[in-house]
Amino acid sequence: MKYSLQHVGFMLLATLGMLFICTPVMAAEDDEEILVGRIAHIEGKLLRYIEEYKDWVVTVKDSPFGLDDVLYSGDDTKAEFIMPNKTWLRVGENTQMQLIDLYAEATTVDVASGLARLFNKSDDGVIKVTTPFGYVVAPAGTIFDLYVGDESLEVIAVRGNVNFVHEKTRARYEVWAGSSLIANDTETAQGNGMVDSEWDDWNGEREALWTKRLQDQSTYVDLLPEPLRDQSYILEENGQWERVYYEGAYRDMWRPTRIDPGWRPFTAGRWTVYYGDNCWIPDEPFGYVTHHYGSWVYVESFRNWFWMPPAARFFAGAPGISISFAWFPGRVGWLHSGPSIGWVPLAPDEVYYGYRHWGPRTVIIKNTTVVNINIGHYRYIDEAIIIDRDHFYRGSRYTPNVQRNVNTDVIINTYRPTTVINNTIINNVNIDKRRYTNNDIEVSRKPHATVIERIHDNERRKKEFGHGDRERIEKDLIRVNAKAEPSPKIELHKPRLSTKLVDTNDIAKPFNSLSQEKKVIKPKDRERPISTERVQRLDNKGEGKPGQRGRPIDAKEKGRTLITKDPKQLMEQNAIKAPVQGKESRRLPEDRTPQDEPPKADNKSLKQQLKSPREKQSQGPEIHKQPQDQGQMQEQIPVPRGDKESRRPNRGETVQTHGIITPEDKPRLKSPRESSNKEGKRPNRKDDQPGQQENSQIVNEQKLLPQQQQKKDEQRQQQQEVQQRKQKDEQRQQQEELQQRKQKDEQRQQQEELQQRKQKDEQRQQQEVQQRKQKD
786 MKYSLQHVGF
796 MLLATLGMLF
806 ICTPVMAAED
816 DEEILVGRIA
826 HIEGKLLRYI
836 EEYKDWVVTV
846 KDSPFGLDDV
856 LYSGDDTKAE
866 FIMPNKTWLR
876 VGENTQMQLI
886 DLYAEATTVD
896 VASGLARLFN
906 KSDDGVIKVT
916 TPFGYVVAPA
926 GTIFDLYVGD
936 ESLEVIAVRG
946 NVNFVHEKTR
956 ARYEVWAGSS
966 LIANDTETAQ
976 GNGMVDSEWD
986 DWNGEREALW
996 TKRLQDQSTY
1006 VDLLPEPLRD
1016 QSYILEENGQ
1026 WERVYYEGAY
1036 RDMWRPTRID
1046 PGWRPFTAGR
1056 WTVYYGDNCW
1066 IPDEPFGYVT
1076 HHYGSWVYVE
1086 SFRNWFWMPP
1096 AARFFAGAPG
1106 ISISFAWFPG
1116 RVGWLHSGPS
1126 IGWVPLAPDE
1136 VYYGYRHWGP
1146 RTVIIKNTTV
1156 VNINIGHYRY
1166 IDEAIIIDRD
1176 HFYRGSRYTP
1186 NVQRNVNTDV
1196 IINTYRPTTV
1206 INNTIINNVN
1216 IDKRRYTNND
1226 IEVSRKPHAT
1236 VIERIHDNER
1246 RKKEFGHGDR
1256 ERIEKDLIRV
1266 NAKAEPSPKI
1276 ELHKPRLSTK
1286 LVDTNDIAKP
1296 FNSLSQEKKV
1306 IKPKDRERPI
1316 STERVQRLDN
1326 KGEGKPGQRG
1336 RPIDAKEKGR
1346 TLITKDPKQL
1356 MEQNAIKAPV
1366 QGKESRRLPE
1376 DRTPQDEPPK
1386 ADNKSLKQQL
1396 KSPREKQSQG
1406 PEIHKQPQDQ
1416 GQMQEQIPVP
1426 RGDKESRRPN
1436 RGETVQTHGI
1446 ITPEDKPRLK
1456 SPRESSNKEG
1466 KRPNRKDDQP
1476 GQQENSQIVN
1486 EQKLLPQQQQ
1496 KKDEQRQQQQ
1506 EVQQRKQKDE
1516 QRQQQEELQQ
1526 RKQKDEQRQQ
1536 QEELQQRKQK
1546 DEQRQQQEVQ
1556 QRKQKD
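Residue 786 is where the sequence shown starts when you use my numbering, and the numbers rise one by one after that.
Dropping the structure here:
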């Protein structure tokens, strides 16, 4: 009796929780989530600028890349970035870039120096890239290179046509596929259209790798929201999908298999601060998708952790399908006790506390009042991860430092909850620079102070001109004067670049006094034309045929640009508050003169804007209704299951899978003899006696052509029959697998029912024993 009263006392203390000076604001379900990109690949050293410290740190693969983030690539460095709106970006060495705006249908990036290739893989989105010499606007389906030097830049259209607007003259030029343009501070000139062979080869290797990854996708790819399907390969390589009975229904979940014994979510990696909240940087290959999207759940019947993917839902009045999946820094609840810090993976219906609205079921924290948290209510409290706080911002993974001997009773009785990690939890945490790092690597060479000037220029320009969604970019482009092409008579120097990386002692010195060597970004011995064959393998989402190249512009087309409608009509359409209609108008890019007034946005467009995390911080709190839990959302709108065989085309059928052009798309090449027989005249025997022998040879060859064609047709028919038999066999195997899965599910359900009955019998027996003891 004494023990039970003591236990109840501890439970009451845990229920009261800890008093926090903060105001909880439940974000509304209709609020737009914050879009965040991903650093998908790094070769070399990539530096991130920390505004709070005015300093640089080394960042790593699978770190976030979001609004206002500034990165600088070191010597011999290459990196790849993937945005959730289908913007892909690759950079070479000594490249400085900053993400200015990120919307569902528009991306604005500043490339101040270096080498970059951008891919617009969206259906009707737009990319804008600003530089010191002007900006580029790229419609859907385009790919282009940027070589940005100290005194000039070159724009190369790899696939599709893009627009370039010169910074000083405010003139617009259309760069055709396969051509290029060179610009400096005052004028523009035609380029030779050549790409850097080493840079192009590396991009080709990355494309070949992604082509294989996309081709190897299984039918389970349809369980993921569309923006995450490019990453399905990593789930296939490191785990398996299973049908799991959870929360009263069978659900498709993913289980990791290539893990260490005793693995738990949020252990193989470390925390770093991102926009004020602690962000998880995973050390597993599958960690980024599974720790920033969806939720981890522990299924007792399997005694395993499973990842539940985010669900899709529809928004009334929205243009097309909106995905309710949201990026989170790391969905956990926080604990602390003395020198120890802990965290608990949150179930799908549990609330996440943070400084910004990252997604559904987020409570925004403000410093004014009190919040009570009950540790015992966390569903996975017995799976809490506990470490010493001295290791919290150290190393690259917590696995060696996790305390394994802390049981659930100790956590409930001695640990206190907290919404966020602050100075109350860790002394002087706000001045600890290590909280922004991903590892313990020291930076010996950092970008010069001139790099910071460009960052401040971008901030001032953003405040002056506002945000750049797709409608704004298209409207601003219409205001710009257009020219057909730059003058071919002008010759400008090719872009040359000097590295901005200097010793830490030279950061504040005048850059001219450092005598940094300038190198041509694209040396002449490495130049080569754009490969049409390689372009065919690139993402193909735009108009025209794969690998279509630009053509010369004649005198009648001197004034032609990407605008295919009358500009007056477009101005009238854009004056209407409704979204711009038509694919032609959506392909237009942007910028405007300082005298132009910023266009007014209607309530609907403002609602659909995805704002910067820093903007979210400055907004006042509003009380909203609590959104539905993700489990209910999955029940109401099930994710469709795809059929692997149904997507496999027959031979000769036009194929386009995730923008990858297959060999079936290539037109059949005609024989020279076929074209000569159709277009030329047959020789006359009387007039051409000496050529009689040649004519007879041609006739014999013409007789053989139908036979050869018949053999090809028979071979093609045999191949089709073999393919059909193979498809039937695969379909039969899939049906057998489905039946086996159903049988396993039924057996599992029976086992669960037996276990439940057994538990009820045991509980009943225990109750009877207790009743007997009480009677005695």
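Backbone N, C-alpha and C define an ideal beta-carbon position, used for all residues, glycine too.
CB of His-1121 within 8 Å of CB of Ile-1210, strictly: yes
Extent of the continuous alpha helix (DSSP H) to which Gly-989 belongs: 982-1000
Would you call the stretch 1050-1058 in contact with the stretch 1168-1181, where contact means no fewer than 3 C-beta pairs closer than 8 Å? yes
Ala-1293 versus Arg-1230, Phe-1250 and Lys-1260, residue with shortest Cα-Cα distance: Arg-1230
Tell me, please, whether the stretch 1018-1035 touches the stretch 1142-1158 by the rule of three or more beta-carbon pairs shorter than 8 Å. no
Using a threshold of 7 Å, is the CB atom of Gly-1079 nearer than that to any non-hydrogen atom of the ligand ZN? Absent from the structure shown: the ligand ZN. Ligands present: none.
Going by C-alpha to C-alpha distance, which of Arg-1049, Ala-1053 and Ser-1086 sits closest to Tyr-1035? Ser-1086
Between which residues of its own chain and Pro-1337 is the CB-CB distance below 8 Å, once the five residues before and five after are set aside? Bear in mind that a pLDDT of 39 at Pro-1337, under 50, signals an unreliable position, so the model cannot answer this.
Provide the residue span of the alpha helix (DSSP H) that contains Gly-1072, from first to last. 1072-1077
Does Gly-1033 pass the burial test, meaning 16 or more other C-beta atoms within 10 Å, or should it be called exposed? exposed
Proximity of Val-933 and Pro-1280 at Cβ, strictly below 8 Å: yes
Anticipated Cβ contact below 8 Å, Gln-1301 with Thr-1289, distance rounded: Not a contact, Cβ separation roughly 15 Å.
Residues in the same chain with beta-carbon distance under 6 Å from Gly-945, minus the five sequence neighbours each way, listed in chain order, please. Gly-926, Thr-927, Ala-962 and Gly-1327
On the criterion of 16 or more Cβ atoms from any shown chain inside 10 Å, does Pro-1067 qualify as buried, or is it exposed? buried
Could you check what DSSP says for Phe-1250 in three-state terms: helix, strand or coil? helix
Tell me where the alpha helix (DSSP H) around Glu-1259 begins and ends. 1255-1263
Taking Trp-1112 as the reference, which of Phe-1051, Glu-1238 and Pro-849 has the closest Cα? Pro-849
How many whole angstroms separate the CB atoms of Ala-923 and Ile-912, which I take to be in contact at a CB cut-off of 8 Å? 4 Å
Three-state class that DSSP yields for His-1142 in the structure shown: coil
Same chain, Cβ closer than 8 Å to Lys-846, neighbours up to 5 away in sequence not counted: Ile-824, Ala-825, His-826 and Ile-827
Closest by C-alpha distance to Ile-835, when choosing among Gly-1061, Leu-900 and Thr-1004: Gly-1061
C-alpha gap between Lys-1151 and Val-1136, whole angstroms: 16 Å
Per DSSP, Ser-858 forms a beta bridge with which residues? Leu-831
Is the beta carbon of Val-1265 less than 8 Å from the beta carbon of Arg-955? yes
Check whether the stretch 902-912 and the stretch 883-890 touch, using three or more Cβ-Cβ pairs below 8 Å as the test. yes
Cβ separation of Lys-921 and Asn-948, assumed to be a contact under 8 Å, to the nearest whole Å: The identity of residue 921 in the sequence shown is Val, whereas the question assumes Lys. Right, their Cβ atoms sit about 7 Å apart.
Applying the 10 Å Cβ sphere with the 16-neighbour rule, what's the burial state of Gly-1344? Summary for Gly-1344: the model assigns pLDDT 36, below 50, so the residue's position carries little reliability; its value from the coordinates is reported in the next sentence. The residue in question, Gly-1344, is exposed, as its Cβ has fewer than 16 Cβ neighbours within 10 Å.
Using the Cα positions of Asp-854 and Glu-1270, report the straight-line distance between them to the nearest angstrom. 34 Å
Which residue or residues does DSSP assign as beta-bridge partners of Glu-1312? Asp-981
If you follow the alpha helix (DSSP H) that Asp-1045 is in, where does it begin and where does it stop? No alpha helix (DSSP H) holds Asp-1045; DSSP gives it neither H nor E.
Cβ-Cβ separation, Leu-832 to Trp-841 (assumed contact under 8 Å), whole Å: 4 Å
Starting from the C-beta of Arg-1255, find all residues in its chain whose C-beta is less than 6 Å away, skip the five residues before and the five after it, and write them out in chain order. Glu-890, Ala-891 and Val-911
Since Pro-1273 contacts Phe-1110 with CB under 8 Å, what's their CB separation in whole angstroms? 49 Å between Cβ atoms; not a contact.
Rounded to the nearest angstrom, how far is the Cβ of Asp-1173 from that of Asn-1186, given a contact under 8 Å? 7 Å
Taking C-alpha atoms, which residue in Pro-1094, Arg-1088, Tyr-1083 and Thr-1193 lies nearest to Tyr-1073? Pro-1094
DSSP puts Tyr-1178 in a beta bridge; with which residues? Answer is none; Tyr-1178 lacks a bridge partner.
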